[in-house]
Amino acid sequence: MDFYEKWLEYDYNPWILFDSQGRVKTLNQEAQFLLADVTPQEIFELAVTYANQSYGFKTTMMDLEFGKYEFFGIMVGYEDNESIAIRLYQKPPERIHEPHVQHLTSHNIYTLIDLAVSTSSINRHNGFTTVLDPALPDIKIDPEVFVKLLTEMFSCFEDTSAIEIKLSLKTGETLKFEGRRYPIFQLSAKGDLSHTCNIQTLKKLANQLNGYLIQKADQLTLEAPLIMD
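Everything in the sequence shown is counted per the working numbering, starting at 7 for the first residue and increasing by one.
What follows is the structure, encoded as structure tokens:
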């Protein structure tokens, strides 16, 4: 790779080049991570929608959100009818709190989930269904914040059907703190999501756990580091 190619490859902003049929011709590292949360077709349609009417480049400022990724604008460019490229300008993430691993104590995540479910079941007629990966070890986490986040998440769903809870280990990604990388666990809740749900409050609580809160349709997902030592 020459200097220009390296610059593009390691850019913080996702960049994707499509052919005229929406197939990915090339992309940088950040775009590879983005496509874990959104389909190439969605990004291609975004590029076509906001492309200049004639050949050239066009920058549009807008707020976009795909999973945990948030953007404040895009640039779309094409010089012929064979290819089109898009660059998405990524918002800086909220500052993640220092994990202070030495001050955290180990907890059984299944016990904490049970506590949140029991608390949230008091005022619900419809209960919960759970699909939990049984192999997760005890983790270092703030139990009060974790349980508070879960109860707030569960309160975001209307009492019209059971809330589906899933817990699993995310593969292929890690979260980095002070030179160390930690696996990521995912805990999702799915149901009839209320339009009054305060997503920003949930995101702030997730941030206190050094994680992210992601909303997709009628599902809320916490992604946080699996800190064991």
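The beta-carbon is built from N, C-alpha and C at its ideal position, and this holds for glycine as well.
For clarity, every value in this text was computed on a predicted model and none was experimentally measured.
Among all the DSSP beta bridges, which residues are the ones paired with residue i?
| i | result |
| --- | --- |
| F63 | G83 |
| V137 | K172 |
| W21 | R93 |
| L33 | I22 |
| I145 | H113 |
| Y75 | F72 |
Whose C-beta lies closer than 6 Å to the C-beta of residue i among residues of the same chain, with five residues either side of it excluded?
| i | result |
| --- | --- |
| L173 | L138, D139, L193 |
| G62 | none |
| N58 | K64 |
Please name the residue, chosen from the options, that lies closest to residue i on a Cα-to-Cα basis.
| i | options | result |
| --- | --- | --- |
| Q225 | D235, I233, M234, I205 | I205 |
| G197 | L40, K74, F134 | F134 |
| R29 | S167, E88, G73, K182 | E88 |
| L70 | L40, T177, I171 | L40 |
| V44 | I220, P189, M234, D235 | I220 |
| T136 | E11, H201, I169 | I169 |
| L94 | A141, H113, L14, E158 | L14 |
| L142 | P231, N213, G217 | P231 |
| R186 | I233, F160, H201, D144 | I233 |
| M7 | N34, T180, Y18 | N34 |
| Q38 | P20, Q27, K12 | P20 |
| D86 | L175, K182, S60 | S60 |
| S126 | T180, G178, L156, E11 | L156 |
Tell me which residues share the same chain as residue i and place their Cβ nearer than 8 Å to its Cβ, disregarding the 5 neighbours each side in the sequence.
| i | result |
| --- | --- |
| K5 | Outside the shown range of the chain (7 to 235) lies residue 5, about which nothing can therefore be said. |
Residues in its own chain within less than 7 Å of residue i by CB, not counting five upstream and five downstream?
| i | result |
| --- | --- |
| V151 | L211, Q214, L215 |
| T66 | Y56, G79, I80 |
| S167 | N132, G197, D198 |
| F24 | V30, K31, F50, A53, S89, I90 |
| C162 | L199, S200, C203, L226 |
Does the segment 110-128 come within contact of the segment 44-51, defined as at least 3 CB pairs closer than 8 Å? Fewer than three Cβ pairs drawn from the segment 110-128 and the segment 44-51 lie within less than 8 Å of each other, which leaves the two stretches out of contact.
Entirely within the segment 152-233 and at least 4 residues each: give me those alpha helix (DSSP H) ranges in chain order. Counting only runs of at least 4 residues, the segment 152-233 fully encloses the following alpha helix (DSSP H) elements, listed from N- to C-terminal order: 205-214.
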